[in-house]
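**Student:** One point on numbering: in numbering that gives the first Met the number 0, the residue at position 70 of the sequence shown is 69, and numbering is uninterrupted.
We put the beta carbon where it would ideally sit given N, CA and C, even for glycine.
These numbers come from a predicted model, not from an experiment.
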Amino acid sequence: MKKSILAIAVALLTLGACSTQGGDKQQEAATDGIDNGKAAIENIMTRTSIRKYKDQPVEQEKIDIMLKAAMAAPTAVNLQPWHFIVITDKKKIDLLSGQQPTNAPLLIVVCGDTDKTMMPDGKGKLPDFWVQDVSAATENLLLAAHALGLGAVWTGCYPAMERVAEIANVLNCPKNIVPVVIVRVGYPDESPEPKDKFKQENISYNRFGGKME
Ligand SMILES: Cc1cc2nc3c(=O)[nH]c(=O)nc-3n(C[C@H](O)[C@H](O)[C@H](O)COP(=O)(O)O)c2cc1C
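Now the structure itself:
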């Protein structure tokens, strides 16, 4: 399975390589881009949820990189309506894990900050785009974890409001801070195959149900 996912990624990148022509410098730049691109695509295609972790803490340097990657995500009107709560305290980890106990040494709670959803002209708030913003940050975080040799899994909170309230209570969140996702992170102690989710039938061209010309 893993091999077929990689084969698709490599084929896409090879197509890209074939379409680059021009001077030596251009060619060099293009090849650099493809090499970088290859690593990025491979990282995306080989990420998978990891739920068992080694008894080994995650270094602060890696935590910082994951947080920077998360905050590099796009947001509506560039409002960055988020807050990240880093949990390394074992008791807190147990409290927050609720019905799904974990041995993760690290949780990152990705929250929306509804106080940061005002339109720049001050004329009211954006609708609930902040949920998409926080989700984009979460995916960046998962990909960064994988690139750093860590394993992670997204565990959803919002919009299960009882769960949101429970987590907000444990973390002393003010009203504007809404826990959306708890990302569990650690060094992997399992190596599941990435799932091949590519389905041609999920794609249309030019109209719903339209075929590629
Ligand atoms: C919104 C959302 C909520 C999720 N909640 C949970 C969860 O509560 N517990 C869990 O173990 N995994 C959870 N996951 C992870 C999914 O189960 C996982 O991403 C999916 O099975 C696909 O597997 P993959 O991540 O290995 O590609 C969640 C993922 C998303 C996007």
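D112 lies in the beta strand (DSSP E); which residues open and close that run?
**Tutor:** Locating residue 112 in the sequence shown gives position 113, counting from the first residue. Unbroken beta strand (DSSP E) run through D112: 105-112.
**Student:** Report the CB separation of V184 from L149 in whole angstroms; it is logged as a contact under 8 Å.
**Tutor:** Taking the first residue of the sequence shown as 1, we reach residue 184 at position 185. Taking the first residue of the sequence shown as 1, we reach residue 149 at position 150. Right, the Cβ-Cβ distance comes to about 6 Å (below 8 Å), so this counts as a contact.
**Student:** May I ask which residues mark the beginning and end of the beta strand (DSSP E) holding I84?
**Tutor:** As a first step, residue 84 is located in the sequence shown; it is residue number 85 there, counting from the start. Residues 81-86.
**Student:** Comparing C-alpha positions only, which one of I84, M70, P73 sits nearest to I176?
**Tutor:** The residue given as residue 176 occupies position 177 in the sequence shown. The candidate whose alpha carbon is nearest that of I176 is I84.
**Student:** Under 7 Å, do T45 and P80 count as touching if we go by C-beta distance?
**Tutor:** As a position in the sequence shown, residue 45 is number 46, starting the count at 1. As a position in the sequence shown, residue 80 is number 81, starting the count at 1. No, Cβ-Cβ distance for T45 and P80 is not below 7 Å.
**Student:** Ligand 1 heavy atoms versus the CB of G155: any closer than 6 Å?
**Tutor:** Reading the sequence shown from its first residue, position 156 is the one you call residue 155. At least one heavy atom of ligand 1 lies closer than 6 Å to the C-beta of G155.
**Student:** Verify the contact flag: I47, CB atom, against every heavy atom of ligand 1, threshold strictly below 6 Å.
**Tutor:** Stepping through the sequence shown from its first residue, residue 47 is reached at position 48. It is Thr, not Ile, that sits at residue 47 in the sequence shown. Yes, the Cβ of T47 comes within 6 Å of a heavy atom of ligand 1.
**Student:** Can you tell me the Cα-Cα spacing of M160 and K174, whole angstroms?
**Tutor:** In the sequence shown, the residue the question calls residue 160 occupies position 161. In the sequence shown, the residue the question calls residue 174 occupies position 175. The straight-line gap from Cα to Cα measures roughly 13 Å.
**Student:** Rounded to the nearest angstrom, how far is the Cβ of D132 from that of A75, given a contact under 8 Å?
**Tutor:** Indexing the sequence shown from 1 puts residue 132 at position 133. Indexing the sequence shown from 1 puts residue 75 at position 76. About 6 Å separates the two Cβ atoms, so the contact holds.
**Student:** Could you tell me if the beta carbon of V108 falls within a distance shorter than 6 Å of some heavy atom in ligand 1?
**Tutor:** Against the sequence shown, residue 108 aligns to sequence position 109. No, since every heavy atom of ligand 1 falls outside the 6 Å radius drawn around the Cβ of V108.
**Student:** With respect to the beta strand (DSSP E) encompassing I181, which residues constitute its N-terminal and C-terminal limits?
**Tutor:** As a position in the sequence shown, residue 181 is number 182, starting the count at 1. Residues 176-185.
**Student:** Have a look at I62 and K210 and give me their C-alpha separation to the nearest angstrom.
**Tutor:** Taking the sequence shown and counting its residues from 1, the one referred to as residue 62 is at position 63. Taking the sequence shown and counting its residues from 1, the one referred to as residue 210 is at position 211. Roughly 44 Å separates the two Cα atoms.
**Student:** Could you have a look at T154 and say whether DSSP puts it in helix, strand or coil?
**Tutor:** Looking up residue 154 in the sequence shown gives position 155. Reduced to three states, the DSSP call for T154 is strand.
**Student:** Give the single residue among S134, S203, V182 whose Cα lies nearest to the Cα of R50.
**Tutor:** As a working mapping, residue 50 is identified with position 51 in the sequence shown. Measuring from the Cα of R50, the nearest candidate turns out to be V182.
**Student:** How about A151 and A72: are their beta carbons less than 7 Å apart?
**Tutor:** Against the sequence shown, residue 151 aligns to sequence position 152. Against the sequence shown, residue 72 aligns to sequence position 73. No, Cβ-Cβ distance for A151 and A72 is not below 7 Å.
**Student:** On the CB-based measure, 16 or more other CB atoms within 10 Å of its CB, does M65 come out buried or exposed?
**Tutor:** What you label residue 65 is simply residue 66 of the sequence shown in a count that begins at 1. Burial call: buried.
**Student:** Using DSSP with H/G/I as helix, E/B as strand and the rest coil, what is M70?
**Tutor:** Walking along the sequence shown from the start, residue 70 turns up at place 71. M70 falls in the coil class under three-state DSSP.
**Student:** Taking 6 Å as the cut-off, does the CB of V152 come closer than this to any heavy atom belonging to ligand 1?
**Tutor:** The count along the sequence shown starts at 1 and reaches residue 152 at position 153. Answer for V152: yes, Cβ within range of ligand 1.
**Student:** In whole angstroms, give me the CA-to-CA distance for L106 and E192.
**Tutor:** Along the sequence shown, one-based indexing puts residue 106 at 107. Along the sequence shown, one-based indexing puts residue 192 at 193. The alpha-carbon atoms of L106 and E192 are separated by roughly 23 Å.
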